[in-house]
Amino acid sequence: MYSKRLLDEFRKTGIDIGDRVKLVSSGVEFEGLLMPRPLSGDQDIVVLKLDSGYNTGLKADTLELVRKAQPKPAPPQDKGDELRARGGIAILGCGGTIASKIEYKTGAVYPSITPRELRMAFPALQKWDIHSRQIFSLFSEDMNATHWRLLADAIEDEIKDGSEGVVVMHGTDTMNYTSSAISYMLQNLPVPVVLVGSQRSSDRPSSENEMNMLNAVFSATQDLGEVGVCMHATTNDDFCHLHRGTRVRKMHSSRRDAFHSINARPLAAVDYRTRRFERLSDWMPRRKGGLIAKKEMNDNVALIYVHPNIKPSLISKLDDYDGIVLVGTGLGHTPTNAFDDKSVKGIIKPIRELISSGIPMAMSSQCISGRICMRVYSTGRLLMDAGVIGDGADWTPEAAYAKMCWALGQTKDRNEVARLMMGNVAGEITERSAIEGY
Amino acid sequence: MKIGIEIHQRLDTTKLFCNCPSALSGEGAKPESVIMRRLHPVMSELGETDEASQAEFAKDRAFEYHTFRNNCLVETDEEPPGLLCPEALKIGLQMAIELNATPVSEVHIMRKTVIDGSNTSGFQRTAIVAVNGHLDSSKGSIGIPMIAIEEESAGIVSASEGKATYSLDRLGIPLIEISTTPDIKDGAHLTEVAEKIGLMLRATGKVARGLGTIRQDVNISTEGGARVELKGAQDLKMLPQYVENEVARQLLLLKLLNELRERKAIPVKEHMVEFSDVFRSAKPGLISGGIKNGSAVLGQKLPEHEGILGMEIQPGRRYGTELSDYAKKAGVKGIIHSDEDLAKYGISEAEERAVRDALGAWENDSFVLIVAPLEQAKKAMGFVLERANMDYVPGETRRANPDGTSTFMRPLPGRARLYPETDVPPILITGELIASVERAESLEDKKSKLEKLLNKEMAGRMLKSRHLHLFEKLAEAGTDPMLAATTLEDTVVSLRREGVEFSDLEKALAELFSEFSKGTFVKAAIPEVLKGMAKGARVDAVLKVYRLQKISGKDLEAIAMEMDFDMKAIMQKYRLQVDAQEVAAVIKEGKKEQGKDFI
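Chain order of the listed sequences is A and B.
According to our numbering, the stretch in the first sequence is residues 1 to 438, in order.
According to our numbering, the stretch in the second sequence is residues 1001 to 1599, in order.
Following this line, the structure appears as structure tokens:
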């Protein structure tokens, strides 16, 4: 954003972004196109695109208009197929930059969502029958239960209209919250639902978007009746892994192969080029009997990370939530002061109080991998005794969180919540700990 | 004629956007890991992809990257870049001051799309630091329109159709780019300007040294000809040669074009004929070998081109060589043309006649043959026709060869695709930053300082020497300047020629001169001492093992007496262990004593 002073200056001289201007800075004359300013930095500095193509920042002593920019027709901003097509693979956009266009003049990035734009961005998509639309356009860190619901509704519509499979373009930050939520909301899936993203914005030639997208669409044509996440398997651009939606997690802030399956092997190794859809573990095929939609969600749930120095008051203050998922240490622990030591501040008391007041609490682990077992140490036993559920579950914190939101959307009865939480809906709890799952 | 130069110099700092050291892993080093990637075209705001990129990617190329110890996730494009290396920025500002250029108010980093795989991210990060400078020279002022800081690309290990392999150790090393306006007058002037800029860079003491750390690209335009960019001219002394050869090449091409026009030889119509049948029973050679491997033999007539293909346009390189270089873009090894001695390819007269018959190529016509898999051969022949049909001198990027000639690389690039690097914020150039930039001594100041320490001749040599910085350090540490200078410029250089190298010259010389100041050996022994030190030994060990300890005082007197005070004999035997002046004094004294005996 330019400073008010500069904006006034532009207004006075009739200058807009994109116009050719001339300015003098430190006695040197410059000519170029006026560019928008990034949010950071000195707002009083003019950004010019020089004829060489380079942008640079200049403190302008004088500024004048040389030539107005040619009026450009606005790029077609259609939201895609408004009419829902039948059959084929449905591609739904939630945002993220898996497919976007760059405007070189300003460096701005616009999402590409129409089938035509998608086919231009990914020519290999030609071989599939696709239709697409944008549900909303958000960074995934901005998404919440409202959006999970919107997405579930859209997926249900696509299934009802006869789509053979659904691909969801989604940001990577909270992809596993969404993939878990959808897994609970849409059960007995007759088609695959595959979430896909890319870490590198698609304006970059090295972006992993193409490979991920094509493998996701290919996965959506397979005999799979589950929610999956399709991302790079390794740092190479060779093949992707399809992960179970309730078992996947982003384990690195930036690597291509950031997504790993937790406590399980990925479902499949996928390479559309060689038509490889290699089974790595078992999955449910496309289900018969029709989709079972249970889409009610409760967003008034907290996810609390347990740590040394945690105050009992932090827990007590959670009393206006409808449900809580704790991310405990080790096997599922919090400070409980099992040995009654004067220097320890256990939080078992507020936990017990909240649960007694009707707020269900579930346990997950900061270790991420491994099973919750609160029966081993007195700490865990105290927590179980206070009513914390989760013993025996090997869910990820995010899969547990989305499940609590879902369970509280299905019922208000605390016992029913506990029953729903501890029953395996979509693989978020495994019955046996795979040895190669770590 | 217009001449300009672009100099890229590697800096001696950590990498530009991460904290990795800017060290190369060395010839033949084994990579720590190998990564495979693909790059793909990006859709512009027009909803179209760049045509050139589309063509490039239609090839569906895979890139293999070798990583080494000095690589991190930034270079493998697995982590966003760090902030711009502040030291590199300061060096840029320092050069801006030296070259009378104006620093910009805010440095914006840009991405320049690069699709040949030499950057893992698919672009090179580059930024303008200063503009509008100038350099004085003997033939007038030369403009320095731009000083930029950018990333070095990955080094190519190998390339073939479908795959290219790069080494990532070089990727990300900071480069300073200094370009001039095309106001350079001639070859000698070019050398002068290049030398001066090189000197200024070295005078900062912060540039990388050694082979390949500086690259010069020369732009030459001629009247009636075209603008050509010669990339990678390493040897400054060769610059006038490159200018001369390029100007001559363009003039000869213009002459050649006139001839072709007179003969009505262009445009050439495409008509390719496949000749595997004709060469079915060819003599063992390039053609029969190719056919055995499944290659086709493709031919094309170039009407009225007789003698033209064989015309030399550069020393040892013909017009036919140009066509061959274009063909190589398709990955073939080259072409065979009829102005050559076809016998050397094992082509018989009968076979030649058959080819000419089929192509309808008579006495004044030439033909070109390509031996390669059919599709590839067709593509290559297409490029040959493309070049043959240019009735102008094409603007090209050419590689400067060590022998002063040049080889076609690719057509001149269009406007680079540059867009903002949004992962790195712009950098404000404050007054404090400029003030903090260590003002290197101007060249003039440095020259006068050297002339105070050394004689005029050695001062001139040291100013241009790659050892200048080291000399300054040694002189500052108290070593006698002339001794330091001659050791660096004469001794170390001649030792290097003999194959004696130091992994840390600065450390070795510091130790050498520190020991020397203790008087344990004489000046004449220095080369031998250094030889021993290069093997890794300490000075005292070398002196002992090589018997180089200084002989002086009573020991010297004893020897002098033993050898009859014969200066010549003494110096012959003990040259490396005695100080000549001391010997002379001892002899004088000794003879005096002797004389006394006879009284």
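We put the CB at the ideal spot given by N, CA and C, even for glycine.
This structure is a prediction, so every number in the text was calculated from the model and none was measured.
- Against chain A, the CB of ASP1077(B) has a partner CB under 7 Å away; the residue lies at that interface.
- Judged by beta-carbon spacing, LEU151(A) lies within the 7 Å limit of ILE135(A), meaning their Cβ atoms are closer than that value.
- Around the beta carbon of GLN1009(B), 16 or more other beta carbons sit within 10 angstroms, so the residue counts as buried.
- Taking a Cβ-Cβ threshold of 8 Å, the residues of chain B close to LEU58(A) are VAL1104, SER1105 and GLU1106, in chain order.
- When the beta-carbon positions are compared, ARG279(A) and GLY225(A) stay at least 7 Å from each other.
- Inclusion of ALA338(A) and LEU214(A) in the CB contact set at 7 Å is not warranted, their separation being larger than that value.
- Residues are counted here when their Cβ sits less than 8 Å from a Cβ of chain B; for the segment 195–223 of chain A these are ARG200, SER202, ASP203, ARG204, PRO205, SER206, SER207, GLU210 and MET211, given in chain order.
- In chain order, ILE1336, TYR1345, GLY1346 and VAL1371 place their CB closer than 8 Å to the CB of LEU1286(B), counting only its own chain and leaving out the 5 sequence neighbours on each side.
- With 16 or more other Cβ atoms from the protein chains shown falling within 10 Å of its own Cβ, ILE359(A) counts as buried.
- The count of Cβ pairs closer than 8 Å, one atom from the segment 1079–1096 of chain B and one from the segment 1173–1184 of chain B, reaches three, so the stretches are in contact.
- ASN1364(B) and ALA1265(B) have their C-alpha atoms roughly 10 Å apart.
- About 6 Å separates the Cβ atoms of ILE89(A) and VAL217(A), confirming a contact at the 8 Å cut-off.
- Closest by C-alpha distance to ASP153(A), out of SER25(A), LYS311(A), SER132(A) and LEU186(A), is LEU186(A).
- Within chain A, the C-beta atoms nearer than 7 Å to that of ILE1035(B) come from THR235 and ASN236, in chain order.
- Classified as exposed, LYS1518(B) has fewer than 16 neighbouring CB atoms from the shown chains inside 10 Å of its CB.
- Here ARG265(A) is not near THR235(A), since their CB atoms are 7 Å or more apart.
- Counting only Cβ-Cβ distances below 7 Å, ASP42(A) has contacts in chain B at GLU1106 and LEU1428, in chain order.
- Contact between the segment 1523–1532 of chain B and the segment 1542–1556 of chain B is present: three or more C-beta pairs spanning the two stretches fall below 8 Å.
- Following the DSSP letters along the chain, one finds PHE10(A) inside the alpha helix (DSSP H) bounded by residues 4–13.
- By alpha-carbon distance to ASP173(A), the top candidate from VAL229(A), LYS342(A) and VAL344(A) is VAL229(A).
- Residue pairing by DSSP places VAL166(A) opposite ALA90(A) and VAL193(A) in a beta bridge.
- Under a 10 Å Cβ-count criterion, TRP128(A) is classified as buried, with 16 or more other Cβ atoms of the shown protein chains found around its own Cβ.
- The alpha-carbon of TRP1362(B) is positioned some 18 Å away from that of GLU1259(B).
- In the assembly as shown, ARG432(A) is an exposed residue. Its beta-carbon has fewer than 16 other beta-carbons within 10 Å.
- Within the same chain, LYS1112, VAL1114, GLU1150, GLU1151 and SER1153 come within 7 Å of GLN1124(B) by CB-CB distance, once the 5 residues on both sides are set aside.
- Nearest to TRP283(A) by C-alpha distance, out of ASP42(A), HIS333(A) and ASN188(A), is ASN188(A).
- In the assembly as shown, MET421(A) is a buried residue. Its beta-carbon has 16 or more other beta-carbons within 10 Å.
- MET175(A): member of the alpha helix (DSSP H) spanning 175–185, first to last residue.
- Among the residues facing chain A, ALA1416(B) is included, as its CB has a counterpart in that chain under 7 Å away.
- Residue contact check for SER1121(B) against chain A: a CB pair falls below 7 Å.
- The beta-carbon of ARG1038(B) is placed less than 7 Å from the nearest beta-carbon of chain A.
- Cβ proximity to chain A below 9 Å picks out PRO1145, MET1146 and ALA1148 from the segment 1136–1162 of chain B.
- The continuous stretches of alpha helix (DSSP H) do not include MET1110(B), which lies in the beta strand (DSSP E) extending over residues 1109–1113.
- Put simply, the segment 1009–1020 of chain B does not touch the segment 1179–1193 of chain B. Fewer than three CB pairs are less than 8 Å apart.
- For the pair ALA1484(B) and LEU1474(B), the CB atoms are nearer than the 7 Å cut-off.
- Distance check between ILE1035(B) and each of LEU1168(B), PRO1081(B), GLY1133(B) and SER1158(B) places LEU1168(B) closest, using alpha-carbon atoms only.
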